[in-house]
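In terms of my numbering, the sequence shown opens at residue 1 and continues consecutively.
Here is the structure we will look at.
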Amino acid sequence: MAFNFQALIGRRLGGQFEILAKIGQGGMGAVFKARDTSLDRLVAVKVLVANPLEDQTSVDRFMREAKALAKLSHPNLIHVYQVGSEEDLHYFAMEYLPGETLSARIRRLGPMRTDQTGRCLGQILAALHHIHMSGLVHRDVKSGNVMLVDERRTVLMDFGLAKDIGQSGLTTAGVVLGTPDYMAPEQCEGADVDCRADIYSFGIVMYETLAGRVPFTGKSAMAVLRQHLDAPVPDLADAWPEAPRTLRSVLRRCMAKAPDKRYPNVACLAADLAEYWPTPEIIELAGFATGATAISPTSPRAVAFMKGAGSGPEVVATEAESPASPAEGPDFEPPPAGQKESAWKWVLACGAAA
């Protein structure tokens, strides 16, 4: 029987988090707007409903997300305040972010091609750099997991699929986790991934932001995954004829099929991206690239960014859109027996893209 999340409205979790309204819901959990009565501030509370005796994997993944976020501290990452459990409810309280997701912004306004876009993408990269330097890979970088808080701050959210680089996680060999529209080819095959999978997903987000749509679409998740594996990397100029050569080149390398053909790390990506978008975040990241010649922070274009010129339209604040955790999304059934894909074990947590 499905849990009635609406029944949590008005309840206090942990004795201090008063649930005010539901923001988003998935198959096994939900995110709520709440008030921290001890500090009189708004927070977001993510709740998982699971019996640890019956669904320990979901509980472990949920707690892993909370712990991964709790040990990270960065302005472009969401902050976790407290983790707790009550009966069959598991929850963690985190920073409440008013604003809208990047996916919602694209749906509302279409392609984003202003200098403000450079700031947004640069801050996503800054968050990824911090994650990777902390020994983690996100594995679910997508526009629905990017919150535009205001014109100055972009936040990468949802660590439900994050794992330590080089360590086996909660998934077994051949199990595929992620959001089909954004998954790197090796992720589609259930192989071990590293930071280069996040770079591929970032490339998809960048393409979507500039083109107004994701590069690969299909009638089913399987059709989309096949394109990640086999279809040529699309040229940004197909969707944006005036696309600058620099951005087209960066996207081609980000979305290369083979991991060793992509940027080896976020810093090297930033070094190339700085040629077009010398934002403070991108310039700083480019400085970490070994042997890279990043654009000078004193160049006219860089100075313009530093002073806030060309910031583009202000981000309109709306109620926070909190997509369901990847661990809460619908599963996809395996293809019929006898097809080539039947050798794969499909467990596509997070279903369709936000």
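C-beta: ideal position from N, C-alpha, C; glycine also.
Among the residues of its own chain, which have a CB less than 6 Å from the CB of residue i, if the five just before and after it don't count?
i, result
"residue 184", "197 and 200"
"residue 43", "34, 36, 93 and 96"
"residue 227", "216"
"residue 165", "135, 137 and 194"
"residue 289", "267, 268 and 271"
"residue 229", "185 and 188"
"residue 122", "279, 281 and 282"
"residue 65", "159 and 160"
"residue 112", "209"
If we cut at 8 Å on Cβ distances, does residue i have a partner in chain C?
i, result
"residue 141", "In summary, chain C is missing from the structure at hand, where a single protein chain is found."
Specify the secondary structure class of residue i as computed by DSSP and reduced to three states.
i, result
"residue 92", "strand"
"residue 193", "coil"
"residue 3", "coil"
"residue 33", "strand"
"residue 201", "helix"
"residue 207", "helix"
"residue 18", "strand"
"residue 78", "coil"
"residue 261", "helix"
"residue 237", "helix"
"residue 8", "helix"
"residue 67", "helix"
"residue 58", "helix"
"residue 273", "helix"
"residue 284", "helix"
"residue 42", "strand"
"residue 85", "strand"
"residue 48", "strand"
Using 8 Å for Cβ pairs, my map puts residue i next to residue j. What's the rounded Cβ distance?
i, j, result
"residue 259", "residue 234", "The Cβ separation is near 19 Å, so there is no contact."
"residue 23", "residue 8", "The pair is not a contact, with the Cβ atoms about 12 Å apart (cut-off 8 Å)."
"residue 154", "residue 148", "6 Å"
"residue 246", "residue 276", "4 Å"
"residue 255", "residue 203", "4 Å"
"residue 224", "residue 158", "The Cβ separation is near 20 Å, so there is no contact."
"residue 110", "residue 150", "Between residue 150 and residue 110 the Cβ distance is about 20 Å, and since that is not below 8 Å, they are no contact."
To which residues of the same chain is residue i closer than 7 Å at the C-beta, ignoring the five residues directly before and after it?
i, result
"residue 82", "14, 92 and 93"
"residue 30", "5, 22, 24 and 47"
"residue 285", "125, 126, 129, 266, 267 and 270"
"residue 39", "none"
"residue 11", "19"
From the options, pick the residue whose C-alpha is nearest to that of residue i; which is it?
i, options, result
"residue 253", "153, 238, 60 and 273", "273"
"residue 240", "209, 261 and 223", "209"
"residue 221", "178, 211 and 257", "178"
"residue 242", "211, 250, 224 and 78", "211"
"residue 79", "45, 112, 110 and 106", "45"
"residue 115", "41, 133, 204 and 280", "280"
"residue 2", "117, 16, 60 and 49", "49"
"residue 89", "59, 121 and 264", "59"
"residue 213", "231, 261, 142 and 63", "142"
"residue 86", "65, 68 and 16", "16"
"residue 119", "76, 71 and 262", "76"
"residue 139", "231, 68, 163 and 113", "163"
"residue 74", "156, 251 and 205", "156"
"residue 84", "232, 62, 263 and 108", "62"
Looking only at its own chain, which residues have a Cβ that is under 8 Å from the Cβ of residue i, when we skip the five neighbours before and after it?
i, result
"residue 248", "235, 236 and 237"
"residue 132", "165, 195, 198, 265 and 266"
Those runs of the beta strand (DSSP E) which lie wholly inside the segment 89 to 168 and span at least 3 residues: 89 to 95, 146 to 150 and 153 to 156
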